[in-house]
Amino acid sequence: MDLHFAFVLLEGLLAVAVVGTNLLVCATLGLHRRLRSVTNCLVGCLALADLGVGALAIPFSVVLSMDLSLCFYTCLFLACFPLVTTQFSVLLLLLIALNAHLKIRLPRSYAMHVRRGRVLGAVGLCWLLSLLIGLSPMMGWNRQGQYVERNQSQAMSLAVERAPLRLIAHDQPYGGFLSKVLPGARWTPHASQPHDPHLGRCSFISVFAPEYLVYFIFFACTLLPLGALLGIYADLFRLVRGHFRAGAQAAKRRELPMARTLLLLLSIFCGCWIPLHVLYCVRLLCPGCRSSEALDRLAVLLSHLNSLANPLVYALRKKDFGRALRSVFLRYVLCCHRAKVHPQGQGGRP
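The sequence shown runs 15 to 364 under the numbering used here.
1) Hey, quick one: how far does the beta strand (DSSP E) through R215 stretch, first residue to last?
2) In its own chain, which residues sit with a C-beta less than 7 Å from the C-beta of L322, not counting the 5 before and 5 after it?
3) Among L213, P73 and T100, which residue has its Cα nearest to the Cα of S83?
4) Got a sec, what are the start and stop residues for the alpha helix (DSSP H) L90 sits in?
5) Apart from the five residues on each side of it in sequence, which residues of its chain come closer than 7 Å, Cβ to Cβ, to A234?
6) Residues in its own chain within less than 8 Å of Y328 by CB, not counting five upstream and five downstream?
7) Would you mind stating whether L298 and V228 have Cβ atoms separated by less than 8 Å?
8) Measure from the alpha carbon of S217 to the alpha carbon of each residue in F21, L65, V76 and A63, then state which is nearest.
9) Within the same chain, show all residues whose beta-carbon is closer than 8 Å to that of D81, passing over the 5 residues directly before and after it, in chain order.
10) Give a yes or no on contact between the region 108-122 and the region 54-73, applying the rule of three or more CB pairs nearer than 8 Å.
11) Is the region 304-315 touching the region 288-296 in the sense that three or more CB pairs, one from each, lie closer than 8 Å?
12) Check whether the Cβ atoms of Y161 and F86 lie closer than 8 Å to each other.
13) If I measure Cβ to Cβ from N113 and keep anything under 7 Å in the same chain, skipping five residues before and after, which residues do I get?
14) Mapping the DSSP letters down to three states, classify S150 as helix, strand or coil.
15) With a threshold of 16 other CB atoms inside 10 Å of the CB of K333, please say whether the residue is buried or exposed.
16) Could you name the residues that DSSP lists as bridge partners for S83?
17) If we call anything under 8 Å between Cβ atoms a contact, is F102 one with S150?
18) Going by beta-carbon coordinates alone, are V104 and P239 separated by less than 8 Å?
19) Quick check: what's the CA-CA separation for L92 versus A223?
20) With 16 as the cutoff for other CB atoms within 10 Å, does I72 come out buried or exposed?
21) Just to confirm, are V342 and T42 a CB contact at a threshold of 8 Å?
22) Taking 7 Å as the limit between beta carbons, can you name the residues of its chain near G242, skipping five residues before and five after?
23) Classify C349: buried if its beta carbon has 16 or more other beta carbons within 10 angstroms, exposed otherwise.
24) Tell me whether the beta-carbon of V98 lies closer than 8 Å to the beta-carbon of G148.
25) In the DSSP assignment, find the alpha helix (DSSP H) that holds D334 and state where it starts and stops.
26) Would you check if the distance between the CB atom of S220 and the CB atom of R157 is smaller than 8 Å?
27) Do you know offhand how far C286's Cα is from R311's?
28) To the nearest angstrom, report how far apart L65 and L116 are at their CA atoms.
29) H46 and A338 - do their beta-carbons sit closer together than 8 Å?
30) Measuring alpha carbon to alpha carbon, tell me which of L250, E225 and G245 ends up nearest C300.
31) Closer than 8 Å by C-beta to L49: which residues in its own chain qualify, once you throw out the five before and the five after it? Chain order, please.
32) List in chain order: all unbroken alpha helix (DSSP H) runs of 4+ residues lying wholly within the region 26-86.
33) Since Y124 is in the alpha helix (DSSP H), which residue starts that stretch and which ends it?
34) Since N320 and I288 are thought to touch, with beta carbons under 8 Å apart, how far apart are those beta carbons, to the nearest angstrom?
35) Using CA coordinates, which residue listed in L244, G68, M153 and L24 is at the minimum distance from L37?
Shown next as C-alpha cells:
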C-alpha cells in the first residue's frame, strides 16, 4: 500500500473518531447538569479544542501532506491552525492543574476564589494567548522569502527545460508558422513563469522556520508550561501525602484519583507530542541528517491521536462521567431509549 494513501486513510479514520468522541463528551456535559463541576467544564473546553483538531486540523494536515501549489498565506494559515489548538491544550492543562491544586490547598475558601466568571475569563485568556502564539507567523515570522524564491527557481528550471523545444521549433522550415502559434520563442523569466510568484509547494516545513518551531514553539511555549505543570503536580501529591499522614477528611482523599487522572492526561500529551518536536529539533541541529518520511507521518499521526485519548482516559478514570457518557451513547446514538444510568451501589431499579 502506498505510504501517502495509508496516511490519508488513517487520518480520515482518526478524524471521524476524534469528532465523534469529543462531540459525545460535549453532549454529555450538556445533558447532565450534575456533571458540570469546574474541572469537568474545563475538560469540556479541552474536548472543544480536540473537536477542532478532528474537524479542521487533521484535514489541514492531509492537505499539507499533498505538496499542493497554494498561495503562501493560505498555506501558512493551514499550518498555523494546529499550533493554536495545541497551545490551547497546553494552557488548559495548566489551568486544570491550578484548579486541582487550589481545590486541595484551599478546601474551605476554594468556592470563594474559584467562580464561574473567573474560570470563563481564564479560558478566554488561554484562547487569546493561543491565537497570538499560533498565528504569530501570519504577522511576519515566516519563510515567505524562501517560499517565493523556491517557486521562482522551479519556474526558471521549467522554462529552461522548455527552451530547447522552442528553439527546435524555431529552426524548422515552417518556423514562421510555428512562431505565430507559439509567440515568445525568446524566453524571459517573467513571461514564461506559469504561476503567481506567491504560489509554491505547500508543506508544514516550507512556511515555518526551524528556529520558530524549536526555540519558540517547543522550548518556550511547550516545555516551560509542561515544566510548570510537573512542579504543580509534584507539590499537589506532596500535599495529598501530607493529608493522608495527618488523617485527612474523605473529601480531600477523593481528590487524589482526580489528580492522578489529570497527571495521566499530561503524560499522554507528552508522549504524543514530544516525538514530533524531537524530529523538528533533529532537523534544525542536524541539517544533513535525512529523516524517514514514514517516521514523519507516524509522528504526525501520534500527535493527532492525543485528541482521541483525552476523552477516553477521562471517561475510563471518572466512573460517574463514564456512566453518563455510556448512557448518552446508548440513548442518542444507538437509540436504546430504555438505557438508564443507575447510581453506584443501587440495584436494578430505575
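Virtual Cβ for every residue (Gly too), placed ideally from N, Cα, C.
Taking the geometry as given:
1) Note, R215: beta strand (DSSP E), L213 to R215.
2) L28, A31, V32 and T35
3) L213
4) F86 to R119
5) Taking A234 as the centre and dropping the five residues before and after it, the same chain places no C-beta closer than 7 Å to its C-beta.
6) V39, V57, T275, L279 and F335
7) yes
8) V76
9) R215, C216 and S217
10) Yes: the two stretches touch, three or more of their Cβ pairs being nearer than 8 Å.
11) Note that the region 288-296 touches the region 304-315; at least 3 beta-carbon pairs, one per stretch, sit closer than 8 Å.
12) yes
13) V52, T53, L56 and V128
14) helix
15) exposed
16) Per DSSP, R215.
17) no
18) In this structure, the beta-carbon distance from V104 to P239 falls below 8 Å.
19) 15 Å
20) buried
21) Yes.
22) Sequence inspection shows Ala at residue 242; the Gly mentioned does not correspond to that position. Taken in chain order, the residues that qualify are L108.
23) exposed
24) yes
25) K333 to V342
26) yes
27) 13 Å
28) 28 Å
29) yes
30) E225
31) T42, L43, D334, F335 and A338
32) Here the runs fully enclosed are 52-66 and 72-78.
33) Y124 to H127
34) With a beta-carbon spacing of about 11 Å, N320 and I288 fall beyond the 8 Å limit used to define contacts.
35) Taking each of L244, G68, M153 and L24 in turn and checking the Cα distance to L37, the smallest one comes out for G68.
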